[in-house]
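Heads up, the thing below is written out as structure tokens.
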RNA sequence: GGUAUCGUGGCCGAGUGGCUAGGCAGAGGUCUGCAAAACCUCCCACAGCGGUUCGACUCCGCUCGAUACCUCCA
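Residue numbers (our numbering): 6 to 491.
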């Protein structure tokens, strides 16, 4: 059940059986954040998607090296800026060192990813730490004859590349159409063709992020870091390259071209792209300025949010959609996720209290198979979750005495939760740690309430319950006595 | 304009040529001092129009609509 994992490969537009190049090792590279802004809901999607992939591959026994970059240099604002990069622009606005900004926002990124229970990748390289390697790759491409220098900048010759290879094979584009249909941009004079892209850009005098190179003091082009760092840490040929769908073109297309020339062969076996999160049907993104930061989700401080949403609610919300589908944000959908998650996690507590029977009604074994089938079908987490809710139904029915489960199935069910809910989906119970003072107070209060109930003094017992509810403490009377939760 | 993807019930969101997705919300019931939780039952669906087929929500075509990329974007 563990050996026929299907992965949707953007290159072939089909699901392919996953066969690593050098089993049991798997190399995975994912495009990480550009650290010049606070992480928003959009950043959570690829992080959680590839966290799921990382966790599941490890569960299957693969030894995964997962590399996710931090982009702290080199992304051009636009061509009109003639080489001013984003981080430098913001730095000037705030009168800070560019690296100070990069440091701040990468720290924020790590902090929020940790809150979302996203595991740290094996390596998180920074573009700024790999300038030497990038210069070397530019040399290799120049030597191969697929790049040219112009006024201290170096450009990749896409037209020449396309005569030998297919520029556009990932995104389904045809170069002639691109040339015909792409609108003309300013500041393209240096390029032989405007489909060419920069490998190295000469820095303007006011540009403060710059490095020496054989061609000029400047900075690397926007696509180069991923080709360089994946090559350095995963080799010329590796298994999975992931990222957001919006990076498909031109970023990943250009990566393919660069790596093909620099390495002499295609670098990536499986291209995997997560879809976008939408808000009112539109992509949530920086350019549209309609994004909600993770900080705002966790605190509720945004006019679009009806309440705060916990990190696990966000994680569960994202996992309830398959990664290749768009996922539409709304308060209603988040609240549904919050309740569903609560139901799933509280069933795990119930599971710990179940008493096995001799007879057995349950179908836990087939449930386990269904869970693996779901994950093996291109990481279909919504189907997995639907199966887990079948487990919830079984647990509650047994708890109600309406179904029986034997000891073996009970153990299997516990193992199933550990594996799929906690290990693979990476969910966790966020219940606040109760300090002993609160616990003692609650025990006292609830025992007073119990006595009132025994005396049929329901006015008092309800008063206590209502007062606690005001404090967001919910009291429920079960047959085993009262339980409370926040 | 080009390329790609999609259009499922009140909301989010799976899937399949004939058989229940799931969660949330709603209705009824069991239980309960009440409430909550839980369980049971029910409700609402596959954009439109043609075609293929014994049969299509699922395949094909067209129409309408939506989104993404083509400029940095997860």
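We treat Cβ as the ideally placed atom computed from N, Cα and C, and that holds for glycine.
Does the Cβ-Cβ distance between residue 400 and residue 356 come in under 8 Å? yes
Residue 106 versus residue 40: straight-line alpha-carbon distance, rounded: 8 Å
Member of 295, 133 and 432 whose CA lies at the smallest distance from the CA of residue 123: 432
Nearest-angstrom Cα separation, counted from residue 121 out to residue 340: 17 Å
Please name the residue, chosen from 137, 444, 202 and 267, that lies closest to residue 255 on a Cα-to-Cα basis. 202
Beta-carbon within less than 7 Å of residue 295's beta-carbon, same chain only, minus the 5 sequence neighbours each way: which residues are those? 284, 287 and 289
Closest by CA to residue 269, which one among 303, 232 and 293? 232
Can you tell me the Cβ-Cβ gap for residue 205 and residue 223, rounded? I've got them flagged as a contact below 8 Å. 6 Å
Residues that DSSP places opposite residue 483 in a beta bridge: 486
Minimum length 4: unbroken alpha helix (DSSP H) runs contained in the region 215-294: 229-239 and 258-268
Let me check one thing: in DSSP terms, what residues is residue 207 bridge-paired to? 223
Starting from the C-beta of residue 136, find all residues in its chain whose C-beta is less than 6 Å away, skip the five residues before and the five after it, and write them out in chain order. 216
Restricting to runs no shorter than 3 residues, where is the beta strand (DSSP E) found entirely within the region 90-164? 152-155 and 158-161
In terms of residue numbering, what span does the alpha helix (DSSP H) encompassing residue 323 cover? 316-324
Return the chain-ordered ranges of every beta strand (DSSP E) run that is complete within the region 325-397 and spans a minimum of 3 residues. 332-334
Starting from the C-beta of residue 237, find all residues in its chain whose C-beta is less than 6 Å away, skip the five residues before and the five after it, and write them out in chain order. 138
Between residue 281 and residue 331, is the Cβ-Cβ spacing less than 8 Å? yes
Report yes if the CB atom of residue 493 is closer than 8 Å to the CB atom of residue 275, and no otherwise. The requested residue 493 does not occur in the structure, where the chain is confined to residues 6 to 491.
Length of the line joining the Cα atoms of residue 365 and residue 351: 23 Å
Distance check for residue 404 and residue 227, CA to CA, integer angstroms please. 57 Å
Return the chain-ordered list of same chain residues with a C-beta closer than 8 Å to the C-beta of residue 454, the five sequence neighbours on each side being excluded. 465, 466, 469, 470, 480 and 487
Please classify residue 167: does DSSP put it in a helix, a strand, or coil? helix
Local Cβ density within 10 Å of residue 273, reported as buried at 16 or more and exposed below that: buried
Hey, quick one: how far does the alpha helix (DSSP H) through residue 10 stretch, first residue to last? Careful: residue 10 lies outside any alpha helix (DSSP H) and carries neither H nor E.
Local Cβ density within 10 Å of residue 370, reported as buried at 16 or more and exposed below that: exposed
With respect to 7 Å, is the separation between the Cβ of residue 111 and the closest non-hydrogen atom of the ligand ATP below this value? Among the components of this structure there are no ligands whatsoever, and the ligand ATP is therefore not found.
From residue 60 to residue 244, what does the alpha carbon distance come to, in whole angstroms? 16 Å
Where residue 125 falls, given that 16 or more other Cβ within 10 Å makes a residue buried: exposed
Does DSSP put residue 21 in a helix, in a strand, or in coil? strand
What's the C-alpha gap between residue 473 and residue 489? 9 Å
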